[in-house]
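Engineer: Going by the numbering used here, the letters in the sequence shown line up with residues -9 to 314, in that order.
Built from N, CA and C at the ideal position, the CB exists for glycine as well.
Computed from a predicted structure; not experimentally measured.
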Amino acid sequence: MSDEPLLSVRDLRVGFVTEGGRVQAVDGVSFDLSPGEVLAIVGESGSGKSVTAQSILGLTRSPNARIEGSVRLDGAELLDASEAELRQYRGKRVGMVFQDSLASLNPVYRVGEQIVEAIRAHDPGGRTAARERALELMRLVRLPAADERFQQYPHQLSGGMRQRVMIAIALACDPLLLIADEPTTALDVTIQAQILELMAELQDRSGMAIQLISHNLGVVSEIADDIIVMYAGRIVERAAASELFANPRHPYTIGLIETLPSIEHRVARLPVIAGSVPDPARMFTSGCRFAARCPRAIPACREAEPPLVALAPGHLAACIRAAA
């Protein structure tokens, strides 16, 4: 892997002005992603992980959005890029697999034509060449009977097949970075494993970087090099995947790992993290955001928001009791 990051995010803040006030979805997120690395960002719904990913390509831009910080891809600043400039990055430099494949694919176009469209958006070559490339991609993502699937509509494919089509579209222009936002949601565990295995195989073959978004630590455990855990818009822990599972330091991470089912340690009822992610419309003025749900919280946890600090080489956590 290169020493220079492919993607560098610094102090990213994303808020939305609503009738009920400002909703701060992402609040001071920073991380690097190197070429050939697989970085997983995990957390419950409402933690800000998808907004973080979508903001990289300007997909959260709107009149009521307030976006600050820096997002640099291969040295170029994306937050200041125009829409025309961003279109040159979307698909060509960065591919994206969205969470809901049925909603993301156009229901009135055949899936093969949608792959062709993605290719021709950045490649001025003819339609025949684009069709051959589309079929090549469909075979690459292991879609059975590619010629037949090419002619079908999204509703005629299974969830796993649609997700493979989404991956083919994302890979159409050989991107440097693939962002996969909950790519296995609503798929059964067998298909989940197949999709993750496919992504790992494609990453190994092409050397592209992958940013994988998930609410499930178990899903990312086999593919990720590093894992970021987000809570209420902030990063609360980051470490290499092996280190995170062997030695989690933040109480939220510990809680997420404890909720994973285990073959070795079967229990009648899996533990849960009490409560829910706080309302992002609430502006935090002091204290740890997880304190209200934390079994280890002490009065000092509610006095000041803990910074993200290194507890060991490459292992960071935002908790005043992480070293205790």
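#1: Out of curiosity, what's the CA-to-CA distance linking V179 and T243?
#2: Following the continuous beta strand (DSSP E) through L306, name the residue where it begins and the one where it ends.
#3: The alpha helix (DSSP H) that contains G149, what's its start and end?
#4: So, at 7 Å on beta carbons, what are the nonlocal neighbours of F207 in its own chain, with the 5 sequence-adjacent residues on each side left out?
#5: Using CA coordinates, which residue listed in R77, R311, A199 is at the minimum distance from C284?
#6: Compare the beta carbon distance of R272 and A281 with 8 Å and say whether it is the shorter of the two.
#7: If S24 sits next to A190, beta carbons under 8 Å apart, how far is it from one beta carbon to the other, in whole angstroms?
#8: Which two residues bound the contiguous beta strand (DSSP E) that contains L167?
#9: Curious, which full-length alpha helix (DSSP H) runs of at least 4 residues does the stretch 262 to 307 contain?
#10: Looking only at DSSP bridge pairs, what is A229 linked to?
#11: If you draw a straight line from the alpha carbon of A136 to that of V106, how long is it in whole angstroms?
#12: Assuming G38 and S91 are in contact, meaning their beta carbons sit under 8 Å apart, how far apart are those beta carbons, in whole angstroms?
#13: For A230, which option in V84, S276, R256, L301 has the closest C-alpha, if you only look at C-alpha atoms?
#14: If contacts are defined as beta-carbon pairs under 8 Å, then D215 and V28 qualify, I think. What distance do you get, rounded to the angstrom?
#15: Between which two residues does the alpha helix (DSSP H) harbouring T8 extend?
#16: Using CA atoms only, rank isn't needed, just tell me which of V226, N237, L202 is closest to G85.
#17: Whose CA, out of R56, D22, S40, lies closest to the CA of F6?
#18: Looking at the structure shown, is M198 part of a helix, part of a strand, or coil, going by DSSP?
#19: E122 by DSSP, collapsed to three states: which one?
#20: Do you know offhand how far T319's Cα is from M220's?
#21: At the level of alpha carbons, what is the spacing between S266 and G115?
#22: For R195, which option in G26, S276, A287 has the closest C-alpha, if you only look at C-alpha atoms?
#23: What do you reckon, are the CB atoms on R123 and I109 nearer than 8 Å?
#24: Output the distance between the C-alpha atoms of A162 and L192, rounded to the nearest integer angstrom.
Structural biologist: From the atom records:
#1: Taking the first residue of the sequence shown as 1, we reach residue 179 at position 189. Taking the first residue of the sequence shown as 1, we reach residue 243 at position 253. When rounded, the distance between both Cα atoms is 22 Å.
#2: Taking the sequence shown and counting its residues from 1, the one referred to as residue 306 is at position 316. First-last of the beta strand (DSSP E) with L306: 305 to 307.
#3: Mapped onto the sequence shown, residue 149 falls at position 159. 149 to 160 is the span of the alpha helix (DSSP H), which, as asked, contains G149.
#4: As a working mapping, residue 207 is identified with position 217 in the sequence shown. In the sequence on display, residue 207 carries Leu and not Phe. Counting only Cβ-Cβ distances below 7 Å, and skipping sequence neighbours, we find V32, L246, I247, L250.
#5: Here the question's residue 284 lines up with position 294 in the sequence shown. If we check each option's Cα against that of C284, R311 comes out closest.
#6: Working through the sequence shown from its first residue, we reach residue 272 at position 282. Working through the sequence shown from its first residue, we reach residue 281 at position 291. No. Outside cutoff.
#7: For the purposes of this step, residue 24 is taken as the residue at position 34 of the sequence shown. For the purposes of this step, residue 190 is taken as the residue at position 200 of the sequence shown. Not really, about 17 Å apart at Cβ, beyond 8 Å.
#8: What you label residue 167 is simply residue 177 of the sequence shown in a count that begins at 1. L167 -> beta strand (DSSP E) spans 167 to 171.
#9: none
#10: Within the sequence shown, residue 229 is the residue found at index 239, counting from 1. Answer by DSSP bridge pairing, in chain order: I217.
#11: Sequence index remark: in the sequence shown, residue 136 carries index 146 (1-based). Sequence index remark: in the sequence shown, residue 106 carries index 116 (1-based). Looking at the two C-alpha atoms, the distance is approximately 14 Å.
#12: The residue you call residue 38 lines up with position 48 of the sequence shown. The residue you call residue 91 lines up with position 101 of the sequence shown. With 8 Å as the limit, G38 and S91 do not qualify as a contact, their Cβ atoms being about 23 Å apart.
#13: Walking along the sequence shown from the start, residue 230 turns up at place 240. Per the Cα distances, L301.
#14: Taking the sequence shown and counting its residues from 1, the one referred to as residue 215 is at position 225. Taking the sequence shown and counting its residues from 1, the one referred to as residue 28 is at position 38. D215 to V28, Cβ: 5 Å. Contact.
#15: Taking the sequence shown and counting its residues from 1, one reaches residue 8 at position 18. It is not in any alpha helix (DSSP H) - T8 instead sits in the beta strand (DSSP E) that spans -3 to 8.
#16: Numbered from its first residue, the sequence shown carries residue 85 at position 95. Of the candidates V226, N237, L202, the one whose C-alpha sits nearest the C-alpha of G85 is L202.
#17: What you label residue 6 is simply residue 16 of the sequence shown in a count that begins at 1. Looking at the Cα atoms, R56 is the closest of the given residues.
#18: The sequence position of residue 198 within the sequence shown is 208, counting from 1. Here M198 sits in coil by DSSP.
#19: What you label residue 122 is simply residue 132 of the sequence shown in a count that begins at 1. If DSSP states are grouped into helix, strand and coil, E122 belongs with the helices.
#20: What is shown of the chain runs -9 to 314, which leaves residue 319 out entirely.
#21: For the purposes of this step, residue 266 is taken as residue 276 along the sequence shown, with counting starting at 1. For the purposes of this step, residue 115 is taken as residue 125 along the sequence shown, with counting starting at 1. Taking the straight line from one Cα to the other gives about 51 Å.
#22: Locating residue 195 in the sequence shown gives position 205, where the first residue counts as 1. Closest option to R195, Cα to Cα, is G26.
#23: For the purposes of this step, residue 123 is identified with residue 133 of the sequence shown, where counting begins at 1. For the purposes of this step, residue 109 is identified with residue 119 of the sequence shown, where counting begins at 1. Contact flag set, yes.
#24: As a first step, residue 162 must be located in the sequence shown, where it is residue number 172. As a first step, residue 192 must be located in the sequence shown, where it is residue number 202. Roughly 12 Å separates the two Cα atoms.
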